[in-house]
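Student:
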Amino acid sequence: MSFSAEWLALREPFDRQARHPGVLQRVAAALSGRPAVTIVDLACGTGSTLRALSPHLPMRQSWRLFDNDLSLLARVPPAANLHLQPLDLVIDLEAALDGPVDLVTTSALLDLVSDSWLERFVTEVAARRLPIYASLTYDGRVEFAPADRHDLAVIAAVNSHQRRDKGFGPALGPLAPRTAAEHLEKVGYAVELGDADWLLHESDLAMQEAMLAGWAVAASETGEISDEAVGGWLVNRRAALMAKRSTIRVGHVDLFASPADARRADRSQSNSTSSPSR
Ligand SMILES: C[S@@+](CC[C@H](N)C(=O)[O-])C[C@H]1O[C@@H](n2cnc3c(N)ncnc32)[C@H](O)[C@@H]1O
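Taking the working numbering, the leading residue of the sequence shown gets 890, the next gets one more, and so forth.
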């Protein structure tokens, strides 16, 4: 499945606004006090996670960014501390995680992957005792105002479309946040979750229009709802949008997970730094 640079640019400000501040703070706290950190960002797109997270981390950062789409990688602004690598996560996930790494990040990826790929990812990350920051995973909640009588049926169809294969096997779609937490807890990780919903306001015309058009196509592709119903829904939603009366909330979840021994090390480090008398 491919994602256009234009789409990633359109969504980035909404992603940035949506990121759960408490989860972001936990990521920063887990790495604070280290002189330098190395971060691996999986499915980086044009570098949205790098831009959102780097101001919260220690000064000396080294980033390794992976994506299988060269045209997106080519749009990551160059910097001395960045290493960009084209890589297919279905084939070479393990290679992306090898070497010295302090944190694994990804955003807007986990809803695209299958349960078996997610299990493999958790196994590999746990084998290396690496903390994970997985942000902006879609969780299936969508709320519209004003309401339309077809909202629920359209989003139900969209959510079943989300479960189609996106290149990793049958996708988890809206089940991804809960499934990720369950797999991580099973390997002894402490998991913190926080809602990271997009809030699309009346004036966010381009983003709302893109979402409505995408949802209409996806819903009709499932055949679970008639084209007539989807068409009527789109006309009504666009009318509300043009009248500057439409708002949409799209549910996402941010996750930070860390292995038990990392948490113990964090605690002892913060004890020794917070009490100068020791
Ligand atoms: C929804 S976009 C998110 C991009 C970026 N993380 C962001 O938040 O803007 C999903 C990303 O996954 C990448 N991707 C999809 N399948 C992949 C695969 N098999 N291997 C590596 N990257 C993949 C796409 O190229 C795209 O950049």
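Think of the CB as a built atom: it goes at the ideal place given N, C-alpha and C, for glycine as much as any other residue.
Suppose only complete runs of 4+ residues qualify. What are the alpha helix (DSSP H) ranges in the segment 1032-1116, listed by chain order?
Tutor: List check, alpha helix (DSSP H) in window: 1040-1050, 1065-1075 and 1094-1111.
Student: Short of 6 Å in beta carbon distance, which residues of its chain neighbour V1119, apart from the five on each side in sequence? Order them along the chain.
Tutor: Excluding residues within five positions, the ones whose Cβ falls inside 6 Å are A1105, A1108 and S1109.
Student: Alpha carbon to alpha carbon, how far is S937 from H1141? Give it in angstroms, no decimals.
Tutor: Roughly 16 Å between the two C-alpha positions.
Student: Please classify A1095 as buried or exposed, where buried requires at least 16 neighbouring CB atoms within 10 angstroms.
Tutor: Looking at its Cβ environment, which holds fewer than 16 other Cβ atoms inside 10 Å, A1095 is exposed.
Student: Just the Cα atoms here: how many angstroms apart are D1040 and L976?
Tutor: So the alpha carbons of these two residues sit roughly 38 Å apart.
Student: Do S893 and ligand 1 come close, with the Cβ less than 7 Å from some heavy atom?
Tutor: S893 Cβ: outside cutoff for every heavy atom of ligand 1.
Student: Mapping DSSP to helix, strand and coil, what is H909?
Tutor: Residue state, collapsed to three classes: coil.
Student: Taking 7 Å as the line, does the beta carbon of V979 fall inside it for any heavy atom of ligand 1?
Tutor: Result yes, Cβ under 7 Å from ligand 1.
Student: If you compare alpha carbons, which of G1029, V1031 and W952 is closest to T995?
Tutor: The shortest Cα separation from T995 among G1029, V1031 and W952 belongs to W952.
Student: When DSSP labels each residue in this structure, what does V1011 get in the three-state scheme?
Tutor: V1011: helix per DSSP, three-state reduction.
Student: Evaluate the contact criterion for the segment 1012-1028 versus the segment 905-916: three or more CB pairs, one atom per stretch, below 8 Å.
Tutor: Counting Cβ pairs under 8 Å, three or more are found: they touch.
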